[in-house]
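Let me begin by presenting the structure, written as structure tokens, before commenting on it.
So, in structure tokens, the structure goes:
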């Protein structure tokens, strides 16, 4: 063990400072309206209590802690809260295996994580701790649901839904990834169910428009949300189905109407059942059974062979009166647009593939210069001039779209419209461990909201083990004494709704609750929200771009429309951290490349692990732990700590009397680190701190010595700046420097502009690329003067040895390159 390492024992100081921070209330935010400090809200995506903290937690919470501690040092009133997203399937599945109640597993894991967070030195305000599975939290889920219900934003309808056969529950579209359940990986199927939805589509345009306020968000996240919302402009066009009346289709290319040669209805749409002839019905039923086995991803794949069934009826094209056959097919989805399309095979590849499969006509109406799609098998969907299109002939795409919409509107056969890919948020779940939906179903009154004074509707006690096993309906349905109630409106016998809410409801507004977690008159105190929000910084994974983050934005807008807040976006800035991997791959038990965060801390200490995480690269990049060296980080921290313990000048000494060179280096480092931390380039900031450590070491060992005031200035600046990265060693170092209290609230150092001005810089002089001399020159020296000085150098003249100079390249004030 080196002399540096002998001076610092990580394990010995961690419990000491955890207790000290708690005693001093170091990280408790002030709600005092008279507090003059600027308020800053640092928000981490709260964790799910699935076990102890893992390496991913280690990274993301270290990043958030750096920001929060930096704000504390700047003198701000900082809110940095912690809570747990504690409802959800993993707890329920664990309870089934253990013959237990989900709360037992959940709250045991919460305590484990809480202890690990304290050990990890995170600057949380523990007085604001919350758990979404507490009745005094989910009461307000139910209260908000009721407000949504009253405004028509929460509604129940039947239809095809995504069903996870493993978890035995429905999934929102956002929770299906590549046709699989995003939680368990099971292949998702479609099933007919009556479910609850939030009408997020009412806010689709606002979700797009308000992105103008999100300049502090990563552009890739905004792009993902725009693509998910999927705004498109086009037209609703009315086709007449012979014998069945009018049917509307949506198209983004109404200019190609004259090219429609057949009509396609989603096989599982109600329309197909309504219009199919008796003769063709058996074929449709058999086809629907096959389609039910496919995921939406399968159905929309351009690689899949096209299949379909003729329904025995024809539609009438509204622009030319042509009769075109109506087919049912799987490549049209029942819940997109109106569940039916006009097929223009010459200019849409999926339509063309279908037409080729069933020998349907292909008519070109857009002259693009490409070969006939009927012969090449390649559709031409781009720009061009209209042909074979009556009054549209010769027009460009833009001109033709405008003209045909005008024609359709004049004849009352269609109109221009906007469509969105976004679908309403399906929030029902057929599981136990979630917020009960506060609706009572009455035979006479229908759907009746539970009165506010009767909230929360609590989960029944005593449901555990096998009683929680998935059965296709919620386990709550079997608790008769809980289900059977009186209607709050008429008093008749009625039943509770037995579904629970998607856990994304819990996480869509929790950040409001942090501002006033004990508030009892509503989900949050509007005055405290006004003081603290929007949150100044949100940090978490980019995998939540189109679920959690979109839902948070939606909830915020609805809460604004309820008159409870005066802003429409919840987070000013968003930072997405990378992933911690090992040996080039995501950590997993099957690969045997997992790394245990707790064991790393046991071996190297919290400070070294945090430093290693943050030194690995920019926050948004992945970290490969196989390439990291927490042992090297520990050695650096020991060196830094030793410097702080060796300073022999007294606290409060006049720094101005210290060594000027070291003072210049210290202030230059402070200026650079401040700028780097502001820009979230913590890895480069750490590199600058390492350089300052080396400069201070050199000053002690071979310079003015440990008693020089400049050494104390360097050590104190280093301690404060390093404390946002590695809090324990710097608390010890601050104490060793003769200071009382916690370093966490000490003012951040400020660089003296006068010490940032350089009297001279070193200019490197090269001859044919090889260094021949170094000159100390003024930073303001001109290129001409610098060239003259370089050519006059004795070392340069000796190397040139009379050879003619062909060229002199000058980059004042640092480089001169002479070519001979």
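Numbering (full-length UniProt numbering), first residue to last: 1 to 820.
Ideal Cβ positions, reconstructed from N, Cα and C, are used throughout, including at glycine.
Asked                                                                                                                                                  : Found
Whole alpha helix (DSSP H) runs in the region 477 to 542 with 4 or more residues, listed along the chain?                                              : 480 to 483, 503 to 506, 510 to 513 and 526 to 532
In the DSSP assignment, find the unbroken alpha helix (DSSP H) run with residue 557 in it and report its ends.                                         : 548 to 561
State buried or exposed for residue 458, treating a residue as buried only when at least 16 other CB atoms are found within 10 Å of its CB.            : exposed
Quick check on residue 392: does DSSP put it in helix, strand or coil?                                                                                 : helix
What residue range is occupied by the uninterrupted beta strand (DSSP E) comprising residue 157?                                                       : 154 to 164
So residue 677 is in the alpha helix (DSSP H); what residue range does that whole segment cover?                                                       : 660 to 678
Closest to residue 775 by C-alpha separation, out of 170, 627, 795 and 757, would be which residue?                                                    : 795
Thinking residue 718 and residue 693 are a contact (beta carbons under 8 Å), I'd like their distance in whole angstroms, please.                       : 6 Å
Straight-line CA distance for residue 341 to residue 447?                                                                                              : 35 Å
Indicate the three-state DSSP secondary structure (helix, strand or coil) for residue 450 in the structure shown.                                      : coil
Given residue 106, which residues of its chain have a CB within under 7 Å of its CB, disregarding the five upstream and five downstream residues?      : 49, 86, 91 and 133
Along the alpha helix (DSSP H) that carries residue 317, what are the first and last residues, could you check?                                        : Looking at the DSSP string, residue 317 is not in any alpha helix (DSSP H), and its letter there is neither H nor E.
Look at residue 368 and residue 380 and say whether their C-beta atoms are less than 8 Å apart.                                                        : yes
Quick one: what's residue 37 bridged to in DSSP?                                                                                                       : Its beta-bridge partners do not exist; DSSP assigns none.
Using the three-state DSSP reduction, which class does residue 110 fall into: helix, strand or coil?                                                   : helix
Given this structure, state the Cα-to-Cα distance separating residue 228 from residue 575, to the nearest angstrom.                                    : 20 Å
For residue 309, which of 293, 264, 352 and 319 has the nearest alpha-carbon?                                                                          : 264
Within this structure, are the beta carbons of residue 608 and residue 10 separated by less than 8 Å?                                                  : yes
Would you check if there are 3 or more beta carbon pairs closer than 8 Å linking the region 49 to 63 to the region 148 to 165?                         : no
Buried or exposed: where does residue 357 fall if 16 or more other Cβ atoms within 10 Å of its Cβ makes it buried?                                     : exposed
Here's the rule: buried if 16 or more other CB atoms are within 10 angstroms of the residue's CB, otherwise exposed. What is residue 642?              : buried
Which residue from 190, 96 and 142 puts its Cα closest to that of residue 165?                                                                         : 190
Report yes if the C-beta distance between residue 571 and residue 535 is below 8 Å; otherwise report no.                                               : yes
With distances taken from CA atoms, which of 373, 168, 345 and 415 is nearest residue 249?                                                             : 415
Excluding five sequence neighbours on each side, which residues of the same chain lie with their C-beta closer than 6 Å to the C-beta of residue 149?  : 449
Report the CB separation of residue 548 from residue 504 in whole angstroms; it is logged as a contact under 8 Å.                                      : 6 Å
Per DSSP, residue 811 is paired with what?                                                                                                             : 815
Given a threshold of 16 other Cβ atoms within 10 Å of its Cβ, counted over all protein chains shown, does residue 332 qualify as buried or as exposed? : buried
Going by beta-carbon coordinates alone, are residue 51 and residue 99 separated by less than 8 Å?                                                      : no
Measuring CB to CB, does residue 29 end up less than 8 Å from residue 89?                                                                              : no
Which one of 464, 296, 730 and 266 has the shortest CA to CA distance from residue 285?                                                                : 266
Suppose contacts are defined by Cβ-Cβ distances below 8 Å. Is residue 670 in contact with residue 685 by that definition?                              : no
According to DSSP, simplified to helix, strand and coil, what is residue 250?                                                                          : strand
How close, in whole Å, do the beta carbons of residue 821 and residue 335 come, if the pair is a contact with beta carbons under 8 Å?                  : Beyond the ends of the chain as shown, which are 1 and 820, falls residue 821; an answer cannot be given.
Between the region 463 to 481 and the region 494 to 501, do three or more beta carbon pairs fall short of 8 Å?                                         : yes
So is residue 814 buried or exposed if we call it buried at 16+ other beta carbons inside 10 Å?                                                        : exposed
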